[in-house]
Amino acid sequence: MTVTTPCASATAPPAETRLAAVPTAPRHIRTRPRKIDEAAGPLDHPVASGRYQSPLRYPGAKTGLADLIGRLVNSAKASPQVGRVDLLVEPFAGGASASLRLVGSGIVDRVLLADADPLVAAFWQVAADDTENLIDRMADEHARYIARGGSIALDRWDYWRQWKPSAGTSVTDARFEAAVKCLILNRTTFSGILHGKAGPIGGRRQQSKYDIGCRFNVAALAERLRYVGHLYQTRRLVDVWCKDWQKTLADVPEWYAQLIPDHVVAYLDPPYLAKSQKLYQRSFDAHGGYAAAPVSDLHWSNSLVHHRLAEYLRCKIRFRWILSYDADPSLLDDPGLYSASRMTPSAEDKNLLDVKEWALSKRLVSLRYTASAGKGRGPADELLITTFPPSTVPVDDFFRPVDSQ
Ligand SMILES: C[S@@+](CC[C@H](N)C(=O)[O-])C[C@H]1O[C@@H](n2cnc3c(N)ncnc32)[C@H](O)[C@@H]1O
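Numbered per numbering that gives the first Met the number 0, the sequence shown spans residues 0 to 404.
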């Protein structure tokens, strides 16, 4: 028997209103949605088919998962219910490895990136629409500080760690500097962690053979940044939003109504059930070096947030979705998480908003991590849940069935 928790017709207000206090990333790049009925421009960039597309190193990056997600999407596209995927939305974008890979390989036509962290959102916004200036600034920072190593590089690392927009800075300038901060700290900090206590690569003494500049390959990064700019120029990256996930999921039907319900898919990669506090929580902590005010709703160490996301995905969302999580058994056992076998919208949301009762298909997949797997690299299981038509969701050595199904 399937146990479900009832779906409320109203959920708690998103935390996004509080993010408005942080001035570094405007809510969107664009003031209007991109036209989806216009063909996207030709994709002509060597990075599209390279090993890595993202300029960011991200704790929990899903580079290893992107090809499996691509298989899932391709298989769903072959079904009459789905047919095509015009837009992939990534509400927890981080390093956006899945989106950049899937749009580069032509599996999806367009992507929309969103993240609640203003540093991350500012980075993608500037990489998309001010690419060459960001590349020039990155090269300059590298030549003047990072490449010279030692105390010069550490002083600069400390400068960026402390940097906050000063009063009176224009939104455009603050956004640009936030993007530079994100890129520099991401490439020079242990595991790419942007906030909190993580130190510079090589430590304060810089005596390791891996020093602060070892992940800062200017030529390769410039190519990847140009790839992001190219995606934006060719209308394949439609926009970058600085929003809480719930606001992103609620706004997509407003901005891209013609794609609802089958031609838009969300790929959600939330902070892990375990360990997210260490990796991300500080990004929203007043004492963690960035946010001006605590945004406690975004503290993923609090399991309530995982339950709020699950409730929204089970009851409210108006388009197809794929979710990846660290394979924690409680995800499949807890009726407030994902023990249900199908979506259960309220009668009101079904009738008024046409929320579907799609089945939930669940699979275990293996991939390799760094930050999430604990010490060193090692295979880790990831749970994938999707509302794609069940007959399209593969079952094989890569997509192992979950016992409870
Ligand atoms: C697991 S990471 C995503 C990694 C990404 N899939 C990749 O391949 O690099 C989770 C991301 O969610 C973002 N995040 C945390 N809380 C959020 C919220 N409430 N709404 C939107 N994004 C959030 C974090 O800033 C982080 O970038």
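Beta carbons: idealized from backbone N, C-alpha and C, even for Gly.
Which two residues bound the contiguous beta strand (DSSP E) that contains residue i?
| i | result |
| --- | --- |
| Glu89 | Leu86 to Glu89 |
| Arg109 | Arg109 to Ala113 |
| Ser340 | It is not in any beta strand (DSSP E) - Ser340 carries neither H nor E in the DSSP assignment. |
| Val264 | Val263 to Leu267 |
| Gln240 | The question names Gln, but residue 240 in the sequence shown is Trp. Segment Leu236 to Trp240, the beta strand (DSSP E) holding Trp240. |
| Asp250 | Element bounds for Asp250: not the beta strand (DSSP E) but the alpha helix (DSSP H), Trp244 to Trp254. |
| Ser323 | Arg319 to Asp325 |
For residue i, count neighbouring C-beta atoms within 10 Å of its own C-beta (all shown protein chains included) and say buried if the count is 16 or more, exposed if not.
| i | result |
| --- | --- |
| Arg204 | exposed |
| Thr386 | buried |
| Asp172 | exposed |
| Pro164 | buried |
| Glu253 | exposed |
| Ser53 | buried |
| Val2 | For Val2, the pLDDT reaches just 44, beneath the cut-off of 50, and the residue's location in the model is therefore unreliable, although a value from the coordinates is still provided. Val2 is exposed by the Cβ-count criterion. |
| Pro400 | exposed |
| Ala303 | Ala is not the amino acid found at residue 303; the sequence shown has Leu there. Exposed is the call here. |
| Ala290 | Its pLDDT being 36, under 50, Ala290 is placed unreliably by the model, and nothing is read from it. |
| Pro79 | exposed |
| Thr30 | exposed |
So is the beta-carbon of residue i under 7 Å away from any non-hydrogen atom of ligand 1?
| i | result |
| --- | --- |
| Gly63 | no |
| Ser96 | yes |
| Tyr324 | no |
| Val107 | no |
| Asp268 | yes |
| Tyr51 | no |
| Trp320 | no |
| Tyr57 | yes |
| Phe91 | yes |
| Val239 | no |
| Ala138 | no |
| Asp116 | yes |
| Asp243 | yes |
| Val46 | no |
| Val119 | yes |
Would you mind reading off the limits of the alpha helix (DSSP H) that contains residue i?
| i | result |
| --- | --- |
| Tyr231 | Val217 to Gln232 |
| Arg56 | Premise fails: Arg56 is in no alpha helix (DSSP H) and is neither H nor E. |
| Leu330 | Ser329 to Asp332 |
| Asp154 | Gly149 to Gln161 |
Flag this pair as yes or no: are the beta carbons of residue i and residue j separated by less than 8 Å?
| i | j | result |
| --- | --- | --- |
| Gly103 | Ser190 | no |
| Tyr266 | Ile68 | yes |
| Leu87 | Ser323 | no |
| Ser360 | Asp380 | no |
| Leu112 | Glu89 | yes |
| His306 | Phe215 | no |
| Arg234 | Ala39 | yes |
| Val405 | Lys315 | Residue 405 cannot be examined here, being either before or after the span of the chain that is shown, 0 to 404. |
| His27 | Trp240 | yes |
| Leu331 | Ser340 | no |
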